[in-house]
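> In this text, residue positions in the sequence shown follow this note's numbering: the first is 5, and each later residue adds one.
Ideal placement from N, C-alpha and C gives every residue a C-beta, glycine not left out.
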Amino acid sequence: MPYEAIHLKYRPQTLLDVIGQETTTKTLQNAVTQQRIAPVYLFTGAKGTGKTSTARILAKMINCQDDTVPCNQCSSCININRSTHLDVIEIDAASNSGVDPMRDIIERTQFAPIAGAWKVIIIDECHSLSRQAWQALLKTTEEPPHNVTFIFCTTNESEVPPTIKSRAQTFEFKLIRADTIASALLNIAQLEQFNLDLDAAVAIAEAKNGHMRDSQTLLDQLFTLNKPITKEVLEEICGIVNESTAYKILVHLATANYNQAKLIVDLLLTRGKSPHKILTTIVKTCIKYVTYTDHPIKQVWSNKELQHIVTTLSNKEYLTKGEFSDIWIQAILMEVARMDLNEKFIPIYRAWESEADAIAWGKQQLPNHDINAAWQNIECINGKKAPAWIYYVIREQIINLI
Ligand SMILES: Nc1ncnc2c1ncn2[C@@H]1O[C@H](COP(=O)(O)OP(=O)(O)OP(=O)(O)O)[C@@H](O)[C@H]1O
Ligand SMILES: [Mg+2]
Ligand SMILES: [Zn+2]
Numbered sequence: 005m006p007y008e009a010i011h012l013k014y015r016p017q018t019l020l021d022v023i024g025q026e027t028t029t030k031t032l033q034n035a036v037t038q039q040r041i042a043p044v045y046l047f048t049g050a051k052g053t054g055k056t057s058t059a060r061i062l063a064k065m066i067n068c069q070d071d072t073v074p075c076n077q078c079s080s081c082i083n084i085n086r087s088t089h090l091d092v093i094e095i096d097a098a099s100n101s102g103v104d105p106m107r108d109i110i111e112r113t114q115f116a117p118i119a120g121a122w123k124v125i126i127i128d129e130c131h132s133l134s135r136q137a138w139q140a141l142l143k144t145t146e147e148p149p150h151n152v153t154f155i156f157c158t159t160n161e162s163e164v165p166p167t168i169k170s171r172a173q174t175f176e177f178k179l180i181r182a183d184t185i186a187s188a189l190l191n192i193a194q195l196e197q198f199n200l201d202l203d204a205a206v207a208i209a210e211a212k213n214g215h216m217r218d219s220q221t222l223l224d225q226l227f228t229l230n231k232p233i234t235k236e237v238l239e240e241i242c243g244i245v246n247e248s249t250a251y252k253i254l255v256h257l258a259t260a261n262y263n264q265a266k267l268i269v270d271l272l273l274t275r276g277k278s279p280h281k282i283l284t285t286i287v288k289t290c291i292k293y294v295t296y297t298d299h300p301i302k303q304v305w306s307n308k309e310l311q312h313i314v315t316t317l318s319n320k321e322y323l324t325k326g327e328f329s330d331i332w333i334q335a336i337l338m339e340v341a342r343m344d345l346n347e348k349f350i351p352i353y354r355a356w357e358s359e360a361d362a363i364a365w366g367k368q369q370l371p372n373h374d375i376n377a378a379w380q381n382i383e384c385i386n387g388k389k390a391p392a393w394i395y396y397v398i399r400e401q402i403i404n405l406i
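As structure tokens, this is what we get:
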């Protein structure tokens, strides 16, 4: 069978397939059952959350020859699924934003439905319509001919003129909860006979912030790896910005290892992670560490310093949303990076009188480590072994926790 993208193959065919939009689907189901179809609907909300799919399902429900579910087998359902139904007109306003296509549509609403019970006009991405196009639609949407319904879909409700909004029944499509998306992804994986574990499914959903289409597209990409999909595989592929990545960045910033921190951020950026998301996750992680009393990171970042990072990052947050945000994120991190650890180290190594003291200290900090070998292999910093040793031990201690 030819390959079909997962998000198209699993497009919801009935309201029961539409996940995470219960209030909307229930209300629409009642409207159809009670035959109270509004002349104008407005479906708003985030991308890839079910607006266009639901508009098509509604068109099928009111035209299905068999039932209101819809059946997806009668000629009406089949034609709507194939976009060949004479009474269901779907227009993409992004590429038909002018007044002429709207005039054409209005003309077509003047004739009674040919094949079905209802003429349904779906105007997708309606925020792209020009002012004149909206003007042209005003009168017809105020008093549409009998058995005509308009469904406007948009991710940008603020671009819809208030005059249209006031005629429309509005349904807001919400971002979908991660656990709801995860269970839908597990279902798809099972049907496609791929091995996906629960943690990975939740991580995909979290990475895609409640957008179903985006989650399915990532799943599709992971299927092509042709191996069991675990959280680790996912992190490797997408460089997910999660707490453990933020933690690594903080460790490198703390241990005068700015280059390593920069490398991780570069990698996240090349994998399409937004600077804003990276910054927010670091702030979230710092806030969490402030509340811990005993954590190795406290040896290199005191609570006061963590607080300082939070304030600096929060004050500059706006820079990670605008132009050149990929440069600003690096500049902001450089500002909080510790470039020199000496200040922190001196009090520790002043207490040592011999090599043995230094090794004993290391052993105490890293009980399960081959301390003697590490001591032999350590490379001096500026000709000095003591700071290099502390630097090494503290980093090992922290990185072992990840
Ligand atoms: N609520 C949902 N339940 C199940 N699948 C969904 C849902 N929302 C989106 N999808 C999946 O994402 C695909 C795209 O959905 P749809 O076209 O309905 O989104 P949309 O809200 O119109 O997005 P856009 O604003 O980008 O046009 C569907 O084919 C389906 O696979
Ligand atoms: Mg759409
Ligand atoms: Zn049908």
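DSSP on Val124, reduced to helix/strand/coil?
Secondary structure of Val124 (DSSP, three-state): strand.
> With a threshold of 7 Å, establish whether the CB of Asp70 neighbours any heavy atom of ligand 3.
yes
> Between which residues of its own chain and Ile93 is the CB-CB distance below 8 Å, once the five residues before and five after are set aside?
Ile109, Arg112, Lys123, Val124, Ile125, Ile126
> Return the CA-CA distance between Asn263 and Met338, expressed in angstroms with no decimal places.
10 Å
> Can you check whether the CB of Leu257 is closer than 8 Å to the CB of Val314?
no
> In angstroms, rounded to a whole number, what distance separates the CA positions of Arg107 and Val73?
32 Å
> What residues come near ligand 1, if near means a beta carbon less than 5 Å from any of its heavy atoms?
His11, Tyr14, Arg15, Pro16, Val22, Ile23, Lys51, Gly52, Thr53, Gly54, Lys55, Thr56, Ser57, Thr159, Met216, Arg217
> With Tyr395 as the anchor, note down where its alpha helix (DSSP H) starts and where it stops.
389-403
> Would Lys231 be called buried (16 or more neighbouring beta carbons within 10 Å of its own) or exposed?
Counting Cβ neighbours within 10 Å, Lys231 comes out exposed, since fewer than 16 surround it.
> Only counting runs of 4 or more residues, tell me where the alpha helix (DSSP H) segments fall wholly within the stretch 165-224, in order along the chain.
As for any alpha helix (DSSP H) of minimum length 4 sitting wholly inside the stretch 165-224, the runs are 166-169, 182-195, 202-211, ordered along the chain.
> Measure the alpha-carbon distance for Asn100 versus Val164 and round it to whole angstroms.
16 Å
> Here's a check: name, in chain order, each residue in its chain whose Cβ is nearer than 7 Å to the Cβ of Gly52, leaving out the five neighbours to either side.
Cβ neighbours of Gly52 beyond the five flanking positions: His215, Met216, Arg217, Asp218.
> Heavy atom of ligand 3 less than 7 Å from the Cβ of Pro117, yes or no?
no
> Suppose you measure from the CA of Asn319 to the CA of His312; what does that come to, to the nearest Å?
11 Å
> CB-CB under 7 Å to Asp330, same chain, minus the five flanking residues each way: which ones, in chain order?
Leu273, Pro279
> Output the distance between the C-alpha atoms of Asp183 and Glu161, rounded to the nearest integer angstrom.
27 Å
> From which residue to which residue does the beta strand (DSSP E) around Tyr45 run?
Counted as a single uninterrupted DSSP element, the beta strand (DSSP E) harbouring Tyr45 occupies residues 44-49.
> How about Tyr396 and Ala377: are their beta carbons less than 8 Å apart?
No.
> Have a look at Leu370, Arg181, Lys212, Val237 and flag the residue whose alpha-carbon is nearest the alpha-carbon of Leu200.
The candidate whose alpha carbon is nearest that of Leu200 is Val237.
> Grab me the residues of Ala207's own chain with a C-beta within less than 7 Å of its C-beta, minus the 5 sequence neighbours each way, in chain order.
Lys235, Leu238, Ile244
> I believe Thr177 touches Ala50 by the beta-carbon criterion, under 8 Å. Please report the beta-carbon distance rounded to the nearest angstrom.
This sequence places Phe at residue 177; Thr is not what is there. The Cβ separation is near 7 Å, so the contact holds.
> Taking the alpha carbon of Asp361 as the point to measure from, which residue in Leu345, Lys348, Arg342, Ile394 has its own alpha carbon closest?
Ile394
> For the stretch 320-352, which segments carrying the alpha helix (DSSP H) assignment without a break, of at least 4 residues, lie completely within its bounds, in sequence order?
329-340
> State the Cα-Cα distance for the pair Asp224 and Ile180, rounded to the nearest angstrom.
19 Å
> So, do the stretch 145-157 and the stretch 184-192 have three or more beta carbon pairs nearer to each other than 8 Å?
no
> Identify the residues that DSSP records as bridge partners of Thr153: which are they?
In the DSSP output, where bridge partners are listed per residue, Thr153 has Val124.
> Does ligand 3 have a heavy atom nearer than 7 Å to the CB of Gln33?
no
> Using only CA atoms, which one of Thr28, Glu240, Ala364, Ile333 lies nearest to Lys266?
Ile333
> Residues in its own chain within less than 8 Å of Leu202 by CB, not counting five upstream and five downstream?
Ala186, Leu190
> With distances taken between CB atoms, is the gap from Gln220 to Ile66 smaller than 8 Å?
no
> Less than 7 Å separating the Cβ of Pro6 from some heavy atom of ligand 3?
no
> Would you check if the distance between the CB atom of Thr145 and the CB atom of Arg171 is smaller than 8 Å?
Taking 8 Å as the cut-off, the Cβ atoms of Thr145 and Arg171 count as close.
> Please report the straight-line C-alpha distance between Ile253 and Val269, rounded to a whole angstrom.
8 Å
> Is the shortest distance between the beta-carbon of Leu200 and the beta-carbons of chain E less than 8 Å?
The structure shown contains no chain E; it holds only a single protein chain.
> Return the Cβ separation of Leu90 and Ile61 in integer angstroms, given the expectation that the two are a contact with Cβ distance under 8 Å.
In fact, because the Cβ distance is near 19 Å, the residues do not count as touching under 8 Å.
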